[in-house]
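For the protein sequence lines, the chains are A and B, in the order given. Take any residue in the first sequence, count from 1 to its spot, add 8: that is its number in the working numbering. Take any residue in the second sequence, count from 1 to its spot, add 2: that is its number in the working numbering. Positions of the beta carbon are idealized from the N, C-alpha and C atoms, including for glycine. Heads up, the thing below is written out as C-alpha cells.
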Amino acid sequence: MTRRLLDVQADFIEALQRPEAPVPASIAVRADKPAKKRFDVYRNNVAAGLTQALRATYPAIEKLVGEAFFAASARIYLERHPPRSPLLFRYGEAFGDFLDSFPPAAGTPYLGDVARLEWARLQAHHAADAEPLSIDALAAYLADGSERGDIGTLRFALHPSLDLITSRWPIVSLWAASAGQGSSDDVDMKRAERALVIRPSLAVETRALSPGAFAFLAGLRGDMTLQQAAIEASEAEETFDLAEHLQGLFAVGAVSAINKNTT
Amino acid sequence: MRCPDDIPPRAGVGLKAAHYDDVLRSRPDIGWFEIHAENYMGEGGPPHHFLEAIRQRYPISLHGVGLSIGADGPLDKDHLIRLKGLNERYRPGLFSEHLAWSTHEGVYVNDLLPVPYTVEAAGRVVDHINEVQDALGRRMLLENPSTYLTFADSTMSEIAFLERVADRSGCGLLLDVNNVFVSATNQGYAPDAYIDDFPLELVGEVHLGGHAPDEDDQGEPLLIDAHDRPVGDPVWDLYARTIRKGGARPTLVEWDTDVPSWPVLFEEAVRAEGVLVRAAGAAS
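Structure representation (C-alpha cells):
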C-alpha cells in the first residue's frame, strides 16, 4: 500500500524538527541498515543554514557573546522559531525578544536591544529605494505659491529605510564597538542611547540621537506635522533647536517627500 | 541599453555579493551569471543596484530555491508573484527550480527535501510546474536533486520520474552533474550509466559544483552537496562525458559556502568553458 504524499511529507517534517526522533518509516532501508546519518544530513543542512542566516544578520551579537554562545542560542532559537518564508533575510526577527528572555543571557540585558538595532539595519539594507531631498527642496517648496500654508503644518514622508530604536543601554556605542566602527572605551554602560538607522543611498548608517532629535523624528514618523513634532521634541529636550534639527533631518537624507500635506 | 537576454552555450557562475565589485571592475569574459531568486526579493538596496549594473553587461539566469515544487500542498502565491516580478524586471534567459520540496503547512524548511518517485508525486509536480509556467509565461527547467536516501514507496527511477514530468508539463530539465555523482555514490549506482540514460535533448542548462565527503552509518561513502569547494575530478569527467554526448549547454559553476576570491571562481568557469570549446571543436 503506497503512502500518500501528504503523509510522507508530514512524517518527514516531524522527524526533521525533532533531532531525537527515529527516521520516518517511509525511508527505504537497505538490508536493515540504519539510515540515521543519512537523514541527519537534512537535519544538519537546516540547522547550519539557519544558524548561518542568523549569524549574517546579527554579527554584533556574535561578537558580544562569542561564537560558542551564539551558536548554542541560535540552535535553541531556530527550534522554537522555524522560518515561515523562503526569504532568509526575513528570518530571525524575534531573535532580540528571544534574547530578552533567554536565561543564560540574563547578565547581558542589552543584547535584545542591540539585536533589534541589527535587525533594523538588515531591513534598511533591503528597503525600497528613494531619493533623499536636500533642504533646498524645502526652500523651493515654500517659495512656490502662497496657498501652501504655514511651514508648521507640513507633514514629511520619511525615507522608506528609516527606523528608530530606543534603549536603556548604550546600543549605538555597543554596536559600533562590535562592528569595528568605534572603541569599547566609548561604551558608557550608564548611558541610554537612541538609534537612527537609515540607508539614504547604498550604505546603511547608524547614528545616536539626542532625546529631542529622537522625539522629533518619531513624531514626524508618526504622521505629526512639523509643528507638533517640534513641540514633542521640546518636551523631550528643553534646548531643542528646530532650525538646527530641520537641517540635520535633511542632511541625513531622512526626507523623501515634503508634501504629505496640510489638514 | 542592455546586453541580450539569451543565455549562450558558455560557462557562467553563480553571482555572489562578495564579487559584485570584481565583476563590475574587471568585466570578465564570462558568458552569463545565475542568481538565486530569493536573494533579490527585497524591495531595493544594494542587491538590486548591483544586479541592475551587472545585467546591463551580462545575460542572467534566474534560479529559484524556495518554490517547493515537490510539496503536496499548494504553491505559495505570494512567492510566485515575487518570481514573476523578478522575471519581468531582469528578463532572465532561463528560469529553473528544483525537484524538491521545502514547505509543509506554513513552515518553510531551508533545504531541498527529496520527493518519492510515485505517480501521485509526479502528478503534483506537473500541476505545480504548469502553474509556474502559466504565471511566468515561459517554459521552466527542472533540476535533478542530490539525495541522501530513497523512499520505500518509489515505483519508478529518478530518470523515469523526470521524463514523465517533462512530458506532461512541457518543462525542460536542468542537469546538475555534481548531483548525479553525489546521488549515484550515495545510492550505489553508476553515474556514467545515469548520464547515458538521461534525456539530454531536454537539458537546457548544466550545473557543476563541489561536494564534501562523509560516511554513512555503515562507514560507506556519503557525499554532501555542499557547494563549498572546487568541482571534483570525477565530476569534471562526468561533465565531459555529458557534453560529448549531448553537445554544448550553458554550464554553471556553483560555489555558495566558503565563497572564494573572484579569480578562483572565474578559473572554474574557464575550465568548464574549455570542455565546451573542445566539444565544439570535435563536432565541427
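Asked: Proximal residues of chain B, C-beta to C-beta of A:Pro91 below 9 angstroms; Found: Val109, Tyr110, Val111, Asn112
Asked: Beta carbon of B:His213 nearer than 7 angstroms to that of B:Ala228; Found: yes
Asked: Through-space distance from A:Gln25 to A:Glu87, alpha-carbon basis; Found: 7 angstroms
Asked: Whole-angstrom C-beta distance between A:Phe110 and A:Ser81, which should lie under 8 angstroms; Found: 6 angstroms
Asked: Residue span of the alpha helix (DSSP H) that contains B:Phe200, given as start and end; Found: Run containing B:Phe200: none; DSSP gives neither H nor E here.
Asked: Test: A:Ala23 CB closer than 7 angstroms to a CB of chain B; Found: no
Asked: Reduced DSSP secondary structure (H/G/I, E/B, other) of A:Gly226; Found: The amino acid at residue 226 of chain A is misidentified as Gly; the sequence shows Ala. Note: A:Ala226 maps to helix in three-state DSSP.
Asked: Any 3 or more C-beta pairs closer than 8 angstroms across the region 44 to 55 of chain B and the region 120 to 134 of chain B; Found: no
Asked: Contact check, B:Ala39 vs B:Leu88, beta carbons under 7 angstroms; Found: yes
Asked: CB contact check: B:Phe97 to chain A, cutoff 7 angstroms; Found: no
Asked: Per-residue burial, A:Asp171 [other beta carbons within 10 Å of its own, 16 or more giving buried]; Found: buried
Asked: Where A:Pro30 falls, given that 16 or more other Cβ within 10 Å makes a residue buried; Found: exposed
Asked: DSSP three-state assignment for A:Thr233, whether helix, strand or coil; Found: coil
Asked: Under 7 angstroms between C-beta atoms of B:Leu175 and B:Ala168; Found: yes
Asked: Cβ of B:Pro48 within 7 angstroms of any chain A Cβ; Found: yes
Asked: Helix, strand or coil at B:Ile9 [DSSP, three-state]; Found: coil
Asked: B:Glu217 burial status per 10 Å Cβ neighbour count (16 or more: buried); Found: exposed
Asked: A:Glu240 burial status per 10 Å Cβ neighbour count (16 or more: buried); Found: buried
Asked: Bridge partner(s) assigned by DSSP for B:Tyr110; Found: B:Thr105
Asked: Interface residues of chain B facing A:Ala79 [CB-CB closer than 9 angstroms]; Found: Those within 9 angstroms of A:Ala79 in chain B number zero; the least Cβ separation is about 16 angstroms.
Asked: Under 8 angstroms by beta carbon: chain A residues contacting B:Leu53; Found: Going along chain A, no residue has its Cβ under 8 angstroms from B:Leu53, so there is no contact; the nearest lies around 13 angstroms.
Asked: Simplified DSSP assignment, three categories, for A:Gly261; Found: coil
Asked: Nearest candidate by alpha-carbon position, reference B:His130, set B:Glu107, B:Gly190, B:Leu96, B:Lys79; Found: B:Lys79
Asked: Boundaries (first-last residue) of the alpha helix (DSSP H) holding B:Pro236; Found: 235 to 248
Asked: C-beta contact flag for B:Gly95 and B:Ile9 at 7 angstroms; Found: yes
Asked: Residue ranges of each alpha helix (DSSP H) within the region 86 to 156 of chain A, 4 or longer; Found: 103 to 108, 119 to 134, 143 to 151
Asked: Outcome for B:Pro193 when other beta-carbon atoms lying within 10 angstroms are tallied against a minimum of 16; Found: buried
Asked: Reference B:Leu224, options B:Ser28, B:Ser185, B:Ala55, closest by Cα; Found: B:Ser185
Asked: C-beta contact flag for A:Gly100 and A:Arg124 at 7 angstroms; Found: no
Asked: Beta-carbon neighbours of B:Gln220, restricted to chain A and to distances below 7 angstroms; Found: Lys41
Asked: B:Asp31 classed as buried or exposed, judged by whether at least 16 other C-beta atoms fall within 10 angstroms; Found: exposed
Asked: Coarse secondary structure for B:Ser171, derived from DSSP in three states; Found: helix
Asked: Same chain, Cβ closer than 6 angstroms to A:Ala61, five either side skipped, listed in chain order; Found: Leu96, Tyr99
Asked: Which residues DSSP lists as bridging B:Thr253, in chain order; Found: B:Ala13, B:Val208
Asked: CB contact check: B:Glu275 to chain A, cutoff 7 angstroms; Found: no
Asked: Enclosing alpha helix (DSSP H) for B:Arg27 [first to last residue]; Found: 22 to 28
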